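Residue numbers (UniProt numbering), protein chains in the order written: chain A, 1 to 344; chain B, 1 to 344; chain C, 1 to 344.
Every residue gets a Cβ at the ideal spot worked out from N, C-alpha and C, and that includes glycine.
Note that this is a predicted model, so its numbers are computed, not measured.
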Amino acid sequence: MSKTNPGRFFEDYRVGDVIRHAVPRTVAEGERALYHALYPARGAIYSSDDFAAACGLDGSPMDDLIAFHTVFGKTVPDVSLNAVANLGYAEGRWLRPVWPGDTLRAESQVIGVKQNSNGTSGTVYVRTRGLNQQDEVVLEYVRWVMVRKRDAASPAPDPVVPDLARVVPAADLVIPEGLDFSDYDFELAGEPHRWGDYAVGEIIDHVDAVTVEEAEHMLATRLWQNTAKVHFDATFREDGRRLIYGGHVISLGRALSFNGLANAQMIVALNGGAHANPCFAGDTVRAWSEVLELAETPAPGIGAIRLRLVAHKGAAGDTTLRGEGGKYAPHVLLDLDYWALIPR
Amino acid sequence: MSKTNPGRFFEDYRVGDVIRHAVPRTVAEGERALYHALYPARGAIYSSDDFAAACGLDGSPMDDLIAFHTVFGKTVPDVSLNAVANLGYAEGRWLRPVWPGDTLRAESQVIGVKQNSNGTSGTVYVRTRGLNQQDEVVLEYVRWVMVRKRDAASPAPDPVVPDLARVVPAADLVIPEGLDFSDYDFELAGEPHRWGDYAVGEIIDHVDAVTVEEAEHMLATRLWQNTAKVHFDATFREDGRRLIYGGHVISLGRALSFNGLANAQMIVALNGGAHANPCFAGDTVRAWSEVLELAETPAPGIGAIRLRLVAHKGAAGDTTLRGEGGKYAPHVLLDLDYWALIPR
Amino acid sequence: MSKTNPGRFFEDYRVGDVIRHAVPRTVAEGERALYHALYPARGAIYSSDDFAAACGLDGSPMDDLIAFHTVFGKTVPDVSLNAVANLGYAEGRWLRPVWPGDTLRAESQVIGVKQNSNGTSGTVYVRTRGLNQQDEVVLEYVRWVMVRKRDAASPAPDPVVPDLARVVPAADLVIPEGLDFSDYDFELAGEPHRWGDYAVGEIIDHVDAVTVEEAEHMLATRLWQNTAKVHFDATFREDGRRLIYGGHVISLGRALSFNGLANAQMIVALNGGAHANPCFAGDTVRAWSEVLELAETPAPGIGAIRLRLVAHKGAAGDTTLRGEGGKYAPHVLLDLDYWALIPR
């Protein structure tokens with residue numbers, strides 16, 4: 001019997017099961033520096049201890065997406081090693097900052113299973129929680145993936161499809177303790193635009209672009225201990241190309257969105273997201289955002305902005321999202337729906 | 001009105017204006033490790049807390065050029081986003097060490113403007129200061145760039161061309177507080193050569209070479225939060241090539257110069273510099289140095305050495321600097337003039 | 001007289017000489033983060049302060065191979081700059097953990113020299129010790145290399161060939177102070193397999209693979225301050241290819257072996273090793289292990305497992321080691337023999 005991990009198949013998930021993922025990970029200044037070398041991240045709270053302190057925090061926390069990737073990576077060996085596709089995200093919330101030196105681990109509860117009509121695969125829904133060394137939940141989100149069956153002949157389980165919120169309500173957003181944008185320094189942050197300057201429906205083309213290299217996405221994906229072969233092994237796919245981890249595109253798009261959204265400082269919720277098309281080394285990635293919603297929060301000087309972030313490999317300025325039949329246009333890589341905190 | 005940063009044009013600079021640059025940045029062990037992975041840096045003071053302590057410092061400071069790149073990067077969105085060319089440096093001085101955990105920000109004062117005769121661009125001179133979280137100046141330098149005009153028809157400003165020192169006088173070099181080379185360990189530092197072993201006019205070919213990769217220069221340039229599109233977006237230039245940030249070549253050349261100048265430990269002044277020709281991925285970069293000047297300092301055991309550092313992509317051992325008509329030879333990438341501290 | 005380091009030639013080694021290598025190096029969280037970005041390392045003790053603390057340590061030490069590479073890198077300018085080949089390793093032992101913030105230096109004693117019959121080169125044996133800032137030995141190993149002679153006509157020294165242990169005896173393995181696997185959490189560590197689950201002769205194919213990029217091996221090799229030109233300068237070899245540092249393949253293979261050997265947590269001895277064939281960018285590296293020996297230790301809950309680690313660029317699942325005439329098969333890159341600690 002092999003000692004290596006074959007990954008789980010559709011039959012291995014039972015609603016209610018809790019999977020405690022390996023391997024816990026201490027994240028610190030080194031991971032931060034790498035994140036800022038891998039992505040053109042410039043958000044002031046995640047760049048400067050002093051700026052963060054002026055916003056009421058005990059120094060600069062780890063970037064919101066470092067927390068996401070670290071937790072996500074841990075789930076891969078148990079959730080998506082045999083996945084055919086990553087289908088969606090919902091109900092994601094950042095519940096408390098991750099600080100340099102914190103150790104993160106992850107747990108996932110199976111909350112839904114539904115076999116496909118072809119009988120060879122099915123959809124698995126998990127609610128994943130990231131926990132720190134005090135067993136406090138720092139992040140939670142629902143993800144669903146299509147997973148191969150081990151044996152097409154095995155019987156289908158009773159289908160359970162969870163009822164998921166289309167959007168995290170603004171009232172459920174968790175503001176980091178102490179965060180205060182009353183004395184926010186717009187000049188140091190890089191842009192003058194505040195909450196009230198954005199309008200629902202507004203589209204911001206982020207202008208900048210990055211051409212992606214193999215070494216970069218692999219460094220990133222390994223840093224998050226994501227073990228999916230398809231990202232690292234050029235012989236794995238028939239076309240000899242390494243598929244770039246979808247989270248790399250999320251971070252790239254988000255970092256590019258600084259230009260026009262410099263003050264949308266902290267991601268606090270992930271409402272949904274689709275990896276519309278695969279990304280490969282050599283692609284030049286651009287991004288645009290659409291303002292979807294604006295909400296007040298009870299915290300001092302802090303508003304919430306709900307954004308659609310689209311990353312694409314099309315021409316500069318192309319903000320087409322969908323093509324014929326309502327399908328994503330072929331150049332669209334990512335369509336992400338999230339809430340961020342922004343000074344009012 | 002777009003929310004993205006279009007950059008400033010020539011008309012936007014007025015002599016006397018002070019630009020407070022975004023985004024402050026905390027630099028620490030992570031940035032140091034990346035610096036040492038990106039460049040073959042081996043200078044003992046920047047490599048070892050113990051070696052630095054034996055030289056009178058409170059541990060190993062951040063590499064001198066980390067301070068430079070971090071400060072420089074902040075100025076790009078305000079100074080050189082629409083620059084046609086980076087024309088020169090002068091009067092650069094490192095005024096105090098940057099320590100792991102320090103937060104750097106930058107300010108630039110416009111000290112000169114001069115429209116070009118063609119009316120479509122002009123030269124802007126700025127004096128940039130890098131400051132730490134105590135608002136102490138850690139670094140200052142003058143840079144001048146050629147910037148496009150927004151409108152060729154706009155009137156030319158009165159020309160102001162600052163009177164810049166060709167060389168920082170040795171008497172103006174600032175020695176880090178406590179630095180003492182009296183008990184300098186040449187064996188651990190890697191070479192026996194001291195101040196008195198170098199002669200003005202001496203040329204040192206540094207022997208080693210590095211072939212540059214796209215992933216490397218982009219990791220570096222992002223780490224310094226330099227946002228110039230030309231370094232990241234392969235579709236930006238007509239030839240489909242990403243131009244390598246000139247500072248990457250400075251650090252590469254400086255690190256290569258360890259072999260022959262291992263004891264020229266700390267850069268304390270930047271007298272001038274030219275990015276003679278563009279550098280692209282695939283280029284194999286070599287370096288040679290010329291000793292320009294030697295000076296005593298009042299600090300214990302410490303001399304100053306003024307060096308020309310030339311980085312090039314020519315054949316091994318080629319120390320040609322200029323070709324026909326006195327122009328830089330086409331293989332020369334960088335011609336840098338700096339002062340370093342070296343044990344006597 | 002040139003100031004650059006020409007490296008030592010065969011004539012420059014005398015049995016008994018001790019070489020004190022430059023440059024001391026402080027290693028910390030930044031080096032760790034880079035290591036985990038460069039290699040798919042997931043060993044829980046080196047990933048999580050909390051997991052390490054639960055195993056009796058004062059937090060997570062620096063990865064065992066970070067210590068090895070850092071020490072090895074320092075020896076290159078003095079030992080292998082003019083080496084024709086790295087011939088072997090023996091009697092390697094990790095004597096105490098390296099902690100973030102420690103400063104490492106290295107010393108090598110020449111313990112053997114033997115001129116080759118062709119008169120143009122010879123074998124040099126050195127015993128290298130890595131020391132921390134308290135002058136405690138953290139690591140020691142013997143390495144022998146074939147080094148060119150400066151002058152074929154110079155007389156051969158009396159041959160001295162050290163008597164080296166084929167394998168470090170289990171009784172000589174040094175267990176880190178305090179290490180205790182009594183309450184080892186197999187679930188968090190990633191696999192259920194313990195000491196008693198492995199059998200001598202068992203072969204584990206580690207399934208995963210990584211296609212190697214130029215930027216990655218150069219980042220790694222520079223981080224260890226390894227200065228061998230052949231790794232960085234594409235113009236150095238006639239075929240225009242950069243040879244990948246053998247230690248990069250060691251770390252890659254070791255990290256890949258997580259899948260099947262997740263609990264073989266800490267390397268404590270290096271019994272031997274051969275870099276069977278060169279590795280180049282573009283190669284897809286896989287690994288398999290063979291259990292060579294199992295031993296008890298006096299430490300609580302801790303067993304020792306001796307493993308052959310083979311890294312190769314062959315097809316998935318190919319565990320051929322040798323071909324015709326007993327020579328290494330052409331796809332084999334590395335054959336390493338080491339002891340690791342594993343929960344019983």
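- Judged by DSSP in its simplified three-state form, D49 of chain B adopts helix.
- P176 of chain C has its alpha-carbon roughly 34 Å from the corresponding atom of T284 of chain C.
- Taking a Cβ-Cβ threshold of 7 Å, the residues of chain A close to T103 of chain B are S48, D49 and D50, in chain order.
- Listed as beta-bridge partners of W94 of chain B by DSSP are B:L139.
- No Cβ of chain A is located within less than 7 Å of the beta carbon of I66 of chain C.
- DSSP places P77 of chain A inside the alpha helix (DSSP H), whose first and last residues are D64 to V79.
- Proximity to V310 of chain A across A:D337, A:E293 and A:G303 peaks at A:D337, based on C-alpha coordinates.
- Spatial neighbours of P192 of chain C in its own chain (CB-CB distance under 8 Å, excluding positions within 5 residues in sequence) are listed in chain order as F186.
- When secondary structure is reduced to three states using DSSP, T227 of chain C falls in the coil class, being assigned neither helix nor strand.
- The beta carbons of A41 of chain B and A199 of chain B sit no closer together than 7 Å.
- Y89 of chain A sits close to Y141 of chain A, with the two beta carbons spaced by under 7 Å.
- Of the candidates A:F9, A:D172 and A:P24, A:F9 places its Cα closest to the Cα of V79 of chain A.
- The beta carbon of F232 of chain C is closer than 8 Å to those of M218, T221, R222 and R242 in its chain, skipping five residues each way along the sequence.
- When secondary structure is reduced to three states using DSSP, N118 of chain B falls in the coil class, being assigned neither helix nor strand.
- Identification of chain C residues near D208 of chain B by a Cβ-Cβ cut-off of 8 Å yields T227, K229, F232 and D233, ordered along the chain.
- At a cut-off of 7 Å, the C-beta of R20 of chain C has a neighbouring C-beta in chain B.
- In the three-state DSSP reduction, W195 of chain C falls in the helix class (H, G or I).
- Three or more beta-carbon pairs separated by less than 8 Å link the stretch 100-107 of chain C to the stretch 65-75 of chain C, which places the two stretches in contact.
- The three-state secondary structure of S251 of chain A, taken from DSSP, is helix.
- Going by DSSP, E238 of chain A is part of no alpha helix (DSSP H) at all; its letter is neither H nor E.
- P343 of chain C is bridged by DSSP to C:I302.
- The C-beta separation of G43 of chain A from F258 of chain A comes to about 7 Å, placing the pair in contact by the 8 Å criterion.
- Chain-order list of chain C residues neighbouring L38 of chain B: L219 and R222, by C-beta distance under 8 Å.
- Taking a C-beta distance under 7 Å as the contact criterion, I203 of chain B and N263 of chain B do not qualify as a contact pair.
- Look at L34 of chain C here: in three-state DSSP terms it is helix.
- Looking from the CA of L95 of chain C, the closest CA among C:T211, C:S154, C:L307 and C:P61 belongs to C:P61.
- The three-state secondary structure of H331 of chain A, taken from DSSP, is coil.
- When DSSP states are grouped into helix, strand and coil, N259 of chain B belongs to the helix group.
- For N5 of chain B, the C-beta contacts it makes with chain A under 9 Å involve G190, E191, V207, N259, G260 and A262, in order along the chain.
- The alpha-carbon of V230 of chain A is positioned some 31 Å away from that of W195 of chain C.
- Sixteen is the threshold: when 16 or more other Cβ atoms of the shown chains lie within 10 Å of the Cβ of V207 of chain B, as they do, the residue is buried.
- Of the other Cβ atoms in all chains shown, 16 or more fall within 10 Å of the Cβ of T297 of chain A; this residue is therefore buried.
- With 16 or more other Cβ atoms inside 10 Å of its own Cβ, V210 of chain B counts as buried.
- At a Cβ-Cβ threshold of 7 Å, T123 of chain C and K114 of chain C count as neighbours.
- Taking a C-beta cut-off of 7 Å against chain B, the contacting residues of the stretch 132-150 of chain C are Q133, listed in chain order.
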